[in-house]
Each structure stands twice: as C-alpha cells, then as structure tokens.
Ligand SMILES: Cc1ncc(COP(=O)(O)O)c(C=O)c1O
Ligand SMILES: Cc1ncc(COP(=O)(O)O)c(C=O)c1O
C-alpha cells in the first residue's frame, strides 16, 4: 500500500498552514475527505440535484436510486442483514438519541438500570441520562482499570435483573482501547439484554461486522469515516426497528395521516423524517468505496504500525506520559506533558502546523477517573505517515523548549 | 433584475434531460443550488476542513469562525435579536420536533390543546401527534374555506384556556396560501399562547422578519432556500430556549458531566448535540448571500409575476383546475386535470423535462378536506422564467393529447 | 422511451372504465393496499369458492391510470382461475414488471397475454412500478389472509 | 506571530507558581467559572470589606498556563483596589484581549501595566481568549453575586 498515493487523494494536504505542511492528527474528531467524496458532492449538486422519494420526475428517480445505493453499500460495509436495518441520521449522536428515546419510551420504568462504561463519550451518556431524569432509570458505570481496559468481570457484576440495556463504545476516543464488545454482547444476550455499540471510533479504524458481533444497535458518524458532515448511521436489528416507536415525526415517515390517527411507514423510512441530507448521503457512498479501495485490512495494519511507532517515539521524550495502556489499542493516543497543560501543547504544536486536540474529548467521566482535567490527543487517519509522527515529536520538543523543560 | 443572469449561476440548468432543457418546477420540494454554494462546499472540504469548537488548531479556529458567521447571517436574514436564538438542525422537521418535544415535556398535560390548521405539512402535525399519544393532548385543526384560506374567526373560536400552543404554516406548500401569521400571533399572545410558525415555504418566497411577527418559534429548511441539504434552522425566542429542556444529548451541548449530574451548555450550543453539518452550515452562508444579492424584494416580485402569469395561462387550458384561490398567494400552484391522475401528469411532463411534483405533498389532511387523493404541483424558484411556464403549458397540452382529452 | 408505450390505448381505456369495480357479493377474502408516496389506495374483494377457485374478484379505490388499469386487467385475468393458477399469474406479472421477463404461462390465452403485456412498459418508469403492482400484491395478501394491509414500500 | 509573545517568561512563571492560590479566610463573595470546551474550572474567593475594598482575592482551580497566569496576575492587580476600580481594571483587561486596546488606567502602576499587558498576546489566539478571560468574568460575577456560575460560553 502506497500511503503517499493515498494521501495525494486528499486535497487538503496540498495546503500549507503557517507556511508549513499540514500534519493532521485530529481524525478522531473528524477525518479529512478524499477528492472522490468532495467531487461527488460537487457533481451531484451541479448535475443531478433533486430531493428523493417524493417526486416522479427523472432527477428525483435518479437521486432516489443513488441514495438507495449508499444504503446498500453501508449494509454491505458493516455486514447487516438487510438495508432496512440501516437508518440515516445527522450524526452518531442522533443515532444514539434515537435509540435511547424510543427504547426508553417502550422499555424503561422507574428503577430500571442502564449499564454504560467509564469510557463513554458524552454522546453515549447524556441520552441515557435523560431516561434517568424523565423515567427514574439508574445508570451504572462499568469501571476501567489503570490500563484503561474495561474489566469484564466487574461489568458482569453490575448486570442484574433490572438491567434493561447496555451501551458501550467499541473503541475509546481517548485511550484508543478496543473494547471486547463481542464478549460483552454474549454475556448480555445470555440474560436477554440488548446492547448498543458506539462505533464512532471503530468504524474508521477496525473492520465492522454487525452480524458477527450480534449487537442490537450500532452507531456510526459518516464524517469520521472520510464522509461529508451531516451524515450519521444507525444500524439496528430489524426486530427492534419494527417494535420500537418512531423517533422524529414528519414528512416521509408516515403511511396514512388522518385527523385522529396516524400510521407510520415501513422500514427504513419510519425513522427518516423530513428531507434527508440527500447529497451528503449520496456522496457518502464514495467514502465507503474509498475505504474499500484501500482495503480495511491494509488500513488497520497501517494504523497499527503508525500507532506503535508513535508510542515508541513518544515514550522516549522526557516528561511525556501516555494515557492508558490497553491490551488492544488502535489509532488514538492521548498523552500529557508534565508541566505543560494540553491546551498549551495544542497551541504550540499548531505553530508547526501539527493539528491535535486538547481537552476532555467529550469524556469527562473518564478524565475524572484518570484524575486529569485534560489530555492532548493524537489520532490517525489512513493518510498519516511516520514522517507525521516525526514532525509531531519535533514539535513536542519545541513545546518543551518554550516551557523551558529539562 | 436579469433572470437569465441569475439562472446562469445555477450549474444544473446547463444540463439536458431527455435531450431537453430542464424546466425545474419542484422548488418547494427542494431548490436548486447556485454555484457559489456548491463551490463553497468544495473549497471548504478541499482547503479548510475541520470540525468546529472542540479543537484549538488553526483549521478548527477558522471553521468555528466561519460557522459562526453563518449564524450571524441567519440572524440578520430573519431579523432575530441575537445569534443565540438561531439553532442549527438537520432540517425543518427536526426544528419542529425539537420544539414539540421540549415544549411538550415542560408544558403539556392530559387534556391540553394544541391548535394547528388544515393546511399543515405532516412535519407540523406528526410531532404534535406524539404529544397526543404520549401526553393525552388534544389536537384541534383550524379549518380552511373553499379558497384555501384559514378563517381567522374560526381559528379564534378554537382557542380556549386549554390551548397551550399554536403551530401554523406561513405559506402552504399546496395552495400557496400566505397565512396571516402576524394576525394569528397577535390573537394568541393576547391569551399568552406561544406560536410556532412553519416557515419552510415562506423563507424561500417571502421576506422574513421574526421580530416584526413576534413569533415564538420559526422553522426553516436550508435546502429550500438555495442551501445544501442537511441544514435546518430553528429560530426561537431566547426565553424559550433558556427555559425549555435540551433536546438531543451528547457532545458539545454540555457544561459539566458527572456520574450523578449533568449541566448543559449555554445557548445556542445547548441545542446542538454532536458534530454539526459543519461544511453545509458554512456553505449555507453563501445561500443567504445569494438571496441578498438578488434582493428579497426582487425575488418576491419576480415570483409574484411568474405565479400570476402561470395562473392566467393554466386557467385557459381546458380541464385544468387550480387548487384553492387564496387571497394572498406565492410561488406554489397545485392543480388537477380532469381525467388525468396527477401521477400520470408528472410522468408525462417529465418526458418534456418538466419536473413537477404529484401526490399529497405531505398534506393528507388538506387533501382529505379538498376531497382529492393527489394533486399536481408547480413551484417556482428565482431561476424560473415565463418561458418555463410556456413549456409547462405545452407539456400539459401534450398530456391532454396522450389521454385523448378534448 | 415513447410515452405511448406506457399509455397504450388499452391502458387508457381500462383506466377510464375499469372492469369489476365495486364490492362483490359474498366475498370471503379482502385486503387493502396503499401507496404512502401518493396516498392512493386499493381495496380488493375476493370470493374463493369451495374448490378454491376465484369465483369473484372486484376492487374499489382510486389511483392513476396505470394503477386503475393494472387492477382492472388483473381482475379480468384472475377471475375464474384456480388458487394456484392465480398465484402463478401474479408471479409472472410481477416478474415481468421487475425484470422484463416474458409472460409464458399457458393459463392465459393470447388475448389475455396481450392485455397483461400492455403493462410491461411500466418497467421503464421506476417511480411508477408501485402504481402497477400495488393491487397485485394486495390480491396475494387477500388470498393469503395473513395481513390486512399491504404497503407498497414493503413488498417491492 | 511568535509563540514567545504568547508564552512570555512572566506568564510561564505565574503559570507555574501562581500567587494567591487557595481559599482566603473570611471571604464573603465567591464564584465558580468553567470552560465547557476543556473542563477547566476556576473558583474565585473575594473578601470585600465595609468600605467596598477588595481586601482579599484568591483562587483555586486548574488550567493551562495562560489561564493560571491570567488569574494569578488578576489577583495581584485587583487586590487592594476599590470595588469601582476593580471593575474598571477588569473592563480594560477584557477590552485589551478582545480589541487590542491599550491599558490606559491610572489605577495601575507601570509595573502592573507591564504585567497585565503580558497577556495581550492572547488576542492573536482566538481559541485561547477564553482561557485568559474566564477568571476575570468569574471575578465580576463574584463581585455582583448575581449568579454562582460563570461559563465562558456566555460572556465572551
Ligand atoms: C410547509 C412545509 N413544512 C415542513 C416541511 C419539511 O421540511 P424538511 O423536509 O426540510 O424537514 C416542508 C417541506 O417538505 C414544507 O413544505
Ligand atoms: C466515541 C464517540 N462517540 C460518539 C461521538 C459523537 O459523534 P458525532 O459528534 O458525530 O455525533 C464521537 C465523536 O465525537 C466519539 O468519538
């Protein structure tokens, strides 16, 4: 696999920042986009634009077919059973809110328990918190150990007859921990408890197979897998989508509307109210094609190599501390520098056109557990190279210099 | 105003359909996009892409500022008091769901009444229906008369002490009726009842001034006002956004997250959970600039002229019936042809590259009232010309020919 | 594609003057189908006699020329057929509309084949396929009596 | 822009060894400010005496060098000032950070002016403005005792 060739497919890397080559290490936040995706947006808007589903004219027929093709691609990409299990949302946050809200309406009563983990992103906690506020549910947090791994035996202890759903990330956006979700799902299913997997970080970094995982729900952000902003995905087993109530109400999700009664459309339309991010979903097909052209195995091994290389190099820098040491890790490294606050690190690195993120990364629970207010985070995409890591390390040295560290 | 010049700003019109010039008369469904909007998406993705708000690096700072500029433009465009009153959603349907859900949570109990009208789009009915299902609310429908006008005195009669909110469209997407929402808001406010205005069709066709209207909520779809898909807008008075609970939960909308407690961010972030349609919102600024470059007054008068011209011409065609005859009408004309079902009309017109919409246009209540299963709809954008209307009328003649009508 | 291939005279004629319209006496099966895209609806009434023969087949509903003609033609062709044959005819029709396959069955005479094939032009108009197939799906559902409602969104 | 203009020695020094850290005895005003962007938090303790003079001003919290240095310098400059003067200094500081205006007040001596102006480099770093201004907003809120929580999202 030729990374320079892949990198050249991303127009942004021909741009200079502060006169320097951009070293983009913030892909966990949002990935850059290959030309094929950007050009598809362009060509769709310029030559083919129409809304889908509702009109009979040729433009609309074409758009409807193209939209459907993306749904088929997503189905294949994550190995779902049918395209009716693929719902388009605006982001993974909506995907999780959709599940929490509809599942909660139907299945959560006072005292029921929702089990999440200390690794969760706010987007996989706040939606469940609403059920605590509005329905009297109880939220339990499966703990992590010092390495940043979920302790399965501890998680298991927290499951009881009141546990109604488990929501867990597949890959931590802070420690890079790969969570053994399949094992968790097995445990849960033995007790008839459904599991939602937050796949925001796994989708760009791992091979996803929802059939193999047997998860009930899987949430993905399009913009983190080389897609346009404005597109999220919810995979859900058909039985859930059939039995749960609809989420947003409006055009496109109904069957029959009367003054006293409304019936809803079939799947997947039941969960797609109003005008979709039509162009963005259609262009998202190119993101999947891009990932397939690279090959998920190649992507995984490239990122693994990069991550290991970066860990090695970072560890040799004085006063750098890596956050967590999970058994399996992918694409995400958070660290601190003794004596330099992460915000200062980010500002100083930016001067060298090295884009990283600093803060709590929407994981305050995890940071509280780690007794850190903030961390600096490096996250990789398929376009990153060892040279990027070298430049990162040099920039960190500069950071130490600015702060007069020994 | 030179329409040919304006039309040339829309790349799609250089495309041929079935070897013919596209006559796009489906703008109420979704408008075409000017090159400036499409190019802004392209340049943002190619040169500037980053997520907003959460990172400190230069790309992110730039994106955050650009995002904020759109918010300021929207504020100015609809004359809101402050940018904190402008919430970005994925579409107008989400905007209305947001209000129905949060307002409902706080203010609707069993027996409370919600007043809507017979003109409403499903997106301004289904979200309220949920409150009927889940909270025991009652929905009342203000009737229209034979012309397709809301009868204000009838609407007034339906208001009583149990009426908690009124939700009404500003412009019907079927009859083109301009609803005197200001008058309705005056009546409602005298009784301390807030009003949501569905501005989906008015935003592209009329000058919007939320301060003058004094509405409590105003919902807009970006894709109907020459913007990208994936962007919706909710205007709401600050007092409401402050007092209502949040809608979706997740990253970006929190202040502090603890295991036992969560506090929410200030406005507007409180209502913007997860990654926004960043690029699309940024490009949407160009849509507003486009509309301002044309001048809303010019747009309104051009479309009025077109609408009148089309009405005149259509009325001369045998067996064509115009749906509704409202006092004030803008940009939207629905019709039927005696002996030809609207679906057949749409298919036949499409053969001449005339794109119209056929069906119930997400207004089944209205169609039931009109005793019609479906109608054919022509809707204008700034790029339409009298020539388009002429081609439409010729295509309708062809339609009559295919069906051997006299 | 020529519009006249879609709107053949036979279709226009059936669209305008549908056969077997109304509720037949003594029906023992029925089902409603609707197309959420447009709100069109069809109600199929069926009388299966003791020999499992389609003794009566009628419909009520509104829709476009394609949909009404398709339903009208369906009632004509299926009436008088056995349960099995009826099912076979439906399958051949659906396959013709979706894949463009020819009508091969010996259960229809030449005249009837011409009628059913007059609907084959619909294949070129993807958005209209549902108009043509709704009543056929509804017929199956009435015969099977499994569910009452057919929704074109599912079955296509 | 040179990083050394942002990270001047005086800022690094205050960032590392902040003055007036901790909870002062007998405080009668206090407020918490936090920056939802990063989770940083500052708690300002203030003792206003009967003459409405800032007798004590301390803080607790964590944050980046900019934020800690800014808070530390703030406590140094505002302590001992009258209520009115304190407000004026805050206003001049905020205006410096936002518009780049000069510090003109006669209420600070030259040394103090150099200190406060060491923070002026922040203006070039929009994402860091909140780091520098959070504690100052929190001080105002403590003085006014209107609300307990300050949130940089609002006030900037
Ligand atoms: C009057 C009206 N309200 C609401 C909507 C829903 O807008 P969207 O589909 O963008 O959510 C539409 C358009 O479909 C409309 O015309
Ligand atoms: C683990 C995880 N979950 C959820 C999210 C939320 O995704 P989005 O902002 O696209 O809704 C993110 C990214 O921000 C994430 O990293």
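Protein chains in written order, with this note's numbering: chain A, 1 to 406; chain B, 407 to 812; chain C, 813 to 968; chain D, 969 to 1124.
Quick reminder that beta carbons are idealized off the backbone N, C-alpha and C, glycines included.
Being a predicted model, the structure only gives us computed values, none of them experimental.
- By the rule that beta-carbons nearer than 8 Å mark a contact, residue 697 of chain B does not touch chain A.
- Check the Cα spacing between residue 1101 of chain D and each of D:1017, D:1046, D:1034: the tightest is with D:1034.
- Taking 9 Å as the upper bound on Cβ-Cβ separation, chain A lies near residues 853 of the segment 852-863 of chain C.
- In the displayed model, residue 469 of chain B falls within a helix according to three-state DSSP.
- In the three-state reduction of the DSSP assignment, residue 1046 of chain D falls in the helix class.
- The C-alpha of residue 498 of chain B is placed about 26 Å away from the C-alpha of residue 733 of chain B.
- In this structure, ligand 2 has no non-hydrogen atom nearer than 7 Å to the beta-carbon of residue 26 of chain A.
- If you ignore the 5 residues before and after residue 392 of chain A, its C-beta comes within less than 6 Å of the C-beta of 354, all in its own chain and listed in chain order.
- If you draw a straight line from the Cα of residue 716 of chain B to the Cα of residue 34 of chain A, it is about 45 Å long.
- Distances between the C-beta of residue 1035 of chain D and the heavy atoms of ligand 1 are all 7 Å or more.
- Just measuring C-alpha positions, the residue of C:832, C:825, C:891 sitting nearest residue 919 of chain C is C:891.
- Residues of the segment 133-147 of chain A with a Cβ closer than 7 Å to any Cβ of chain D: none.
- For residue 715 of chain B, no beta strand (DSSP E) encloses it; the enclosing alpha helix (DSSP H) starts and ends at 702-721.
- Think of a sphere of 7 Å around the beta carbon of residue 876 of chain C: the chain B residues whose beta carbon falls inside it are 747, 749, 750, in chain order.
- Excluding sequence positions up to five before and after residue 514 of chain B, its CB lies within less than 7 Å of the CB of 537, 541, 543, 570, all in the same chain and listed in chain order.
- Straight through space, the alpha carbons of residue 594 of chain B and residue 566 of chain B are spaced by roughly 10 Å.
- Residues of chain B whose Cβ lies closer than 7 Å to the Cβ of residue 107 of chain A do not exist, since the nearest Cβ in that chain is about 15 Å away.
- In the DSSP assignment, the residues bridged to residue 874 of chain C are C:853.
- Counting along the chain, residue 532 of chain B sits inside the alpha helix (DSSP H) bounded by residues 532-541.
- Closer than 7 Å to some heavy atom of ligand 2: that describes the Cβ of residue 198 of chain A.
- About 5 Å separates the Cβ atoms of residue 671 of chain B and residue 659 of chain B, confirming a contact at the 8 Å cut-off.
- Shown in chain order are the members of the segment 637-669 of chain B whose Cβ falls below 7 Å from a Cβ of chain D: 660, 661, 662.
- In summary, residue 926 of chain C is exposed, with fewer than 16 beta-carbon neighbours lying within 10 Å of its beta-carbon over all protein chains present.
- Residue-level contact check: residue 493 of chain B does not touch chain D, since none of the beta carbons of chain D fall below 8 Å from its beta carbon.
- Burial check for residue 993 of chain D: the Cβ neighbour count within 10 Å stays below 16, so the residue is exposed.
- Scanning the segment 327-398 of chain A for uninterrupted beta strand (DSSP E) segments of 3 residues or longer gives 332-337, 357-359, 375-379, listed from N- to C-terminal end.
- Straight across, the Cα-Cα distance linking residue 501 of chain B with residue 640 of chain B is about 5 Å.
- Secondary structure note for residue 1099 of chain D: its alpha helix (DSSP H) is the uninterrupted segment 1097-1112.
- Identification of chain A residues near residue 498 of chain B by a Cβ-Cβ cut-off of 9 Å yields 250, 274, 275, ordered along the chain.
- For the 8 Å CB-CB criterion, residue 524 of chain B and residue 548 of chain B form a contact.
- With 16 or more other CB atoms across the displayed protein chains lying within 10 angstroms of its CB, residue 1086 of chain D is buried.
- Look at residue 779 of chain B: its C-beta is under 8 Å from a C-beta on chain C.
- Within the segment 205-230 of chain A, 221, 223, 224, 228, 229, 230 place their CB atoms closer than 9 Å to a CB of chain B, listed in sequence order.
- Identification of chain C residues near residue 6 of chain A by a Cβ-Cβ cut-off of 8 Å yields none; the smallest Cβ-Cβ distance measures about 36 Å.
- Annotated three-state conformation of residue 811 of chain B is coil, per DSSP.
- Of the candidates A:287, A:318, A:383, A:287 places its Cα closest to the Cα of residue 203 of chain A.
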